[in-house]
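>
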Amino acid sequence: MRPKTDAADAAMDEELYREALEQLKSISIQVKSPGEYVVARLESVALDDIRRELNALLGACQSTASELLKSLFASATPFNENIESTIQSVAPFKDMLEESVRELEGGRSAIKQTKRQVKLRMCRYVMVAYAKMALATHLEATKHLDNIAEEIIDSFLGREGDASRVEWTVVQRAIAAVENIARHMENAERFVKSRNGRHARSKNWALFEIVPREIKRVQKLLSRCRHYEAAITEYLAYYATTLREADPEQYKSEASTLRDDKRPNVEKVLEMEGVLELTELEQFRGEYAIEKAERGAAGLRGSLVKLSEACAQIAMADLFALYTERAKLSAEGEAQQGAVESLSNEIATYVAGLSSLIKGAEQLRRIPGCEGKAEASGSMPFVLMFNTSFVRPILNSIAGALIQSEGGYASTSPQEEAHKFSNFVDMAIDRLLHPRRSVAMQLLNDVTKAGGSEAFKVVCVFDAIAAELLGHIEKHFAAIYFPIYMDRFIRNLRAYDRLIESVETAGGSYAHYLRWRGSKAPNNASRCFSVGVVCDNFIEDTAYELAADIASHGEITGKLHEAGGKAFYLSPSMTLHRQLLVLLNHRHFFYHLMPQYLRGASEMFGEYVKHLQGLVARMGDGGTGADAKSGEAVTHAAYMLHDLDAIERDLSTGSAGALEIGIAMRPGEFRESDYGAVITPGDCEWNGDEAERSAASPPSASTSSGGTSSTHVSGLTNTPSSVSPCEDGSPDATPKRGLSTEAPGGMRDMVITLVGKADGDIVRAAVRLLEYPLQVAFKRVSCSLASADGDRSLQVPVARRARDVLEVLWKNADRQPGVNQGQTEGDSVVGIMNSDVQRLPSGELADLRALINFAKTSVQALYNFFNSAHEQVDTIKYTLEDLVIQRLVAGATCSLQFLQSMPSKFRAATRQEVSKPSSYVKYMLVPLVSFKEFAAPSVPRELGRKIMTQTVARLSAEYRAQVTKLLQTVENLNRSLLSSSSARVKEQGANYLVADLEQIRAQLATDIAEFVGQCSTRLEIEQEQCEDLRRLSVCIE
């Protein structure tokens, strides 16, 4: 056994061991989580020991941190030694890299030098290639130019001799020959009249057409030489820079050659390559001279321009005399038939020559480098010649017949100018623009046929004839622009529109016409007409009728106004309907001012809506009960709803896509501007003999005097012989070939219509004004189809085929351009229609699509305009409907007050059987029955049924609420009475005070059944149609 002292020491050691272990745990907690340690210590230590504990904690943390840092620094020392050893091992590689860099620098310099040498060789190779191409191109150009000059000399000086100098080149001799002929007009006159035979004649004429084209080719070749010279210049600069860096010594030896800017680049290249010797230098410079060749080509071109203008001047003067003489001989009859044929042959010769001159001038105008002189050297001088030789003499003859006296132009009064203008327009159209009776248009049409292009004709019509006519109008008919005398003003305005239309018809080019129409001269002339004043005055007068009627007959009298198949209870409603139709059917309607008409219609409609809103506001202030004012308000609201519904039907619109294109016959009293373009007599009729000499071209749309689209379309096509009136001008003459007369009067009596089944009367009148582009398209398609068909027999008439084409384009107006090929071959109409669309020229088809797209877009915009009016009408209708419903419900709910007396009637002590409905049900239905019998007939049936249904729904909901409230009140009262301990209640007896709830329910069920039955029989409102009425019927179970 151990001694006691050893046992005590062991126990003490064990205790010390536990304390040490606890201390170590405490230190561990301090290090790992000081916060937890602090919390634990704060829980067990008094507040006065906190400071001591914190100091001890700080010391323990510092001690632990010091131990950790010592261990870290101790472990870092071996790593530092490793890094130093690694750096020492990498040092030899640095030396190796430096040595490699030095070796690469040497190789790099050698590579750069080699690269420069390669670039120099490639650059010299490219320069040599460009020099070779420049030399070959220049030789080709000079050879071609010499050939042209020799051809000119052979043609013009074959019989006249050569007066040029010996030292001149062949090009200089050709220039001198052409200039000599241009100076001596007698030689040119002999040349033009061609007394040397038909072969020489045709050869000389063709020369004016061929030589300019060849000169153009020479110019292109010389321009290519210039391009090669410019490319060599860039490469020479690059070569000099590279040579200075690569071989300074060689650069010094070649510096004089490279810096010499006076020598051609080709010559420098040849000298550097050692190809050109000093003895060959002068000869090379004489052969390779681009400036000299360019001067020769430009001089030859200038001399040809002068000669062609001189020849054209004489040719036009002679042609005017020949055309005039042929017209006189033709008027004498068949006796001069031989002379007429002889003149026609001579005219054909002149026209062929003039066509060649025009083509040559066009080629001269397009020569590279001469585009800026297009007007001076191209078609403009020929247009001036045409104006001087044809237009002005004819215009002077017209003026002499109207306003010119023996002493010159006689001064005329404004009245005389306004009176004579329409005659002037008729004579101008007949003598200057008519395709058969005008010698000017005969020349232009013959030149068009000979040359195969309408360019010269278009320019002459718009820049010569039209410009001269507008200038003459501005000078001698200034009084036509002012609406002093309204009848003359309108007549002169339409005469001006007819003149513009004839100009467009004669020109034929729709695109050029639009550009000309927007130019200064026609635009200024059109704006001079005070059509805006006339239009504004008419709109103001039309709107004044409505304003005056609102002021004098604005109150509701209940009298029915009937006129023209329309009936209205309000006089302003009738006036609005009438004046809107008057506005849109204006006899002198200006189509380009249609936005002003629509603005006037909008203002009138706004005035009418403002008047109705005032009436509605006054009716809303008349009370809400069942008095006389309330009943009168309901009646007046019904009258207003009737008028608004009628106006809404007249303003109803469909969609542009739902419109159908139809053909209608124009009425007996027909005004062409009412329907837009129609086909005038003989529009698509022609003579078989003349059809072989001319080609038809379709007409195009015109614009009105306001600068925008007009209702008129050309009545004549482009050429005099393909589509023209009959000789006597009578509409009864029968065409030999052409359009099918499938209705009395033929094609000229047909107009295109837009048929919308959903459109009202007013909308239909407005849409009719937008049919004009379709009239233009219909006429153009009809004439094109008739001209293209010839003698081909048709199973489908032309008018119907044209309508089918328009219908296809109308339906596909919003899609990509293309022809619908998905139809079956068995449908003959669709087959012809598709083939007709395919046969139309691309330009013509594009114009047709543009016209139809414009018409469809305009119709849709018009529909949007009237839809905005619909919204205003709907707003007022909704207000009136709500007003009527409120008044009817208010008058009917007054009778529901009798429900409060029902508990006093049915007491538990005096049990009373239910035998019949209560009387309040009958009185509750009186306002509704009165409205249905007296006011509802004036309202459209659907609208009246809608009002009655909503009224019954509101009344049923109110009735059900009152019944539910009554039953709840009775139940609460009975419960209170039965549970009451009041002495008074006991004295009177509970049975005498408690209501019989079962009898009340039975009476209410009877009343509700009566109400529902009366709604079904007298108001024609069933439970299935009204949910609130059905709920009322089942609210008592």
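Here the numbering used here is used: the first residue of the sequence shown is 170, the next is one more, and so on.
Each residue gets a CB set at the ideal place from its N, CA and C atoms; glycine is no exception.
(1) Report the CB separation of A825 from V1028 in whole angstroms; it is logged as a contact under 8 Å.
(2) Among M773, L523, C697, A1024, which one has its Cα closest to the Cα of T711?
(3) Does the region 1049-1062 come close enough to the region 804-811 that 3 or more CB-CB pairs lie under 8 Å?
(4) Considering only the alpha carbon of each residue, which of H681, V977, S1037, V950 lies closest to L1009?
(5) Whose CA, out of R342, S622, L939, lies closest to the CA of G465?
(6) In three-state terms, what does DSSP make of A621?
(7) Please report the straight-line C-alpha distance between Q944 and A833, rounded to a whole angstrom.
(8) Here's a check: name, in chain order, each residue in its chain whose Cβ is nearer than 8 Å to the Cβ of L512, leaving out the five neighbours to either side.
(9) Do T1220 and L1057 have their C-beta atoms closer together than 9 Å?
(10) Return the CA-CA distance between F1103 and D1197, expressed in angstroms with no decimal places.
(11) Tell me R1076's beta-bridge partners as DSSP assigns them.
(12) Tell me the DSSP bridge mates of F737?
(13) Mind reading off the beta-carbon distance from M485 to S558? Whole number of angstroms is fine, and I expect it under 8 Å.
(14) Helix, strand or coil: how does DSSP classify S725 here?
(15) In the DSSP output, what is G831 paired with across the bridge?
(16) Let me make sure I understand the geometry here. Which of S1073, K798, D1176 has the alpha-carbon closest to that of T1138?
(17) For the alpha helix (DSSP H) holding H755, just list the boundary residues, first then last.
(18) With a threshold of 7 Å on Cβ separation, who are the neighbours of E414 within its own chain once the five nearest residues in sequence on each side are excluded?
(19) Could you name the residues of the same chain whose beta carbon sits closer than 6 Å to that of F737, not counting the 5 residues immediately before and after it, in chain order?
(20) Between A827 and K728, is the Cβ-Cβ spacing less than 9 Å?
(21) So what does DSSP say about P1086, is it helix, strand or coil?
(22) So which of L767, G769, G723 has the shortest CA-CA distance to R787?
(23) Assign T311 to buried or exposed, taking buried as 16 or more other Cβ atoms, counted over all protein chains shown, within 10 Å of its Cβ.
(24) Leaving aside the five residues before and after A1126 along the sequence, list all residues of the same chain whose C-beta is less than 6 Å from its C-beta, in chain order.
(25) Please look up how many angstroms separate the CB atoms of L1253 and A462, rounded, as I've assumed it's under 8 Å.
(26) Can you list, in chain order, the residues of its chain with a C-beta nearer than 7 Å to that of H681? Leave out the 5 residues immediately preceding and following it.
(27) Specify, as a first and last residue, the run of the alpha helix (DSSP H) that A479 falls within.
(28) Which parts of the region 1007-1065 are runs of the alpha helix (DSSP H), unbroken and 4 residues or longer, counting only runs that do not cross its ends?
(29) From T233 to L185, what distance separates their C-alpha atoms?
(30) Along the chain, where does the alpha helix (DSSP H) that runs through P562 open and close?
(31) I'd like to know whether the C-beta atoms of F758 and L938 end up nearer to each other than 9 Å.
(32) Please report the straight-line C-alpha distance between E829 and G823, rounded to a whole angstrom.
(33) Can you tell me which of D615, K644, D666, A982 puts its alpha carbon nearest to the alpha carbon of I598?
(34) Ignoring anything shorter than 4 residues, give me the alpha helix (DSSP H) runs that lie fully in the region 627-655, in order along the chain.
(35) Kindly indicate which residue of A229, L1146, L405, R561 has the alpha-carbon position closest to the one of L289.
For this structure:
(1) 5 Å
(2) M773
(3) yes
(4) V950
(5) R342
(6) At residue 621 the sequence reads Gly, which differs from the Ala that was named. In this structure, G621 counts as coil in the three-state DSSP scheme.
(7) 12 Å
(8) L491, E494, R495, L498
(9) Within the shown structure, residues of the chain are numbered from 170 to 1206, placing residue 1220 beyond reach of any answer.
(10) 25 Å
(11) A1164
(12) H730
(13) 4 Å
(14) Before going further, note that residue 725 is Ile rather than Ser in the sequence given. It is coil, neither helix nor strand.
(15) T922
(16) S1073
(17) No alpha helix (DSSP H) holds H755; DSSP gives it neither H nor E.
(18) R285
(19) H730, M743, D812
(20) no
(21) coil
(22) G723
(23) buried
(24) D1197
(25) Residue 1253 falls outside the range modelled here, since the chain spans only 170 to 1206, and no answer is possible.
(26) V627, F631
(27) 459-500
(28) 1011-1062
(29) 23 Å
(30) 561-571
(31) yes
(32) 11 Å
(33) D666
(34) 636-645
(35) L405
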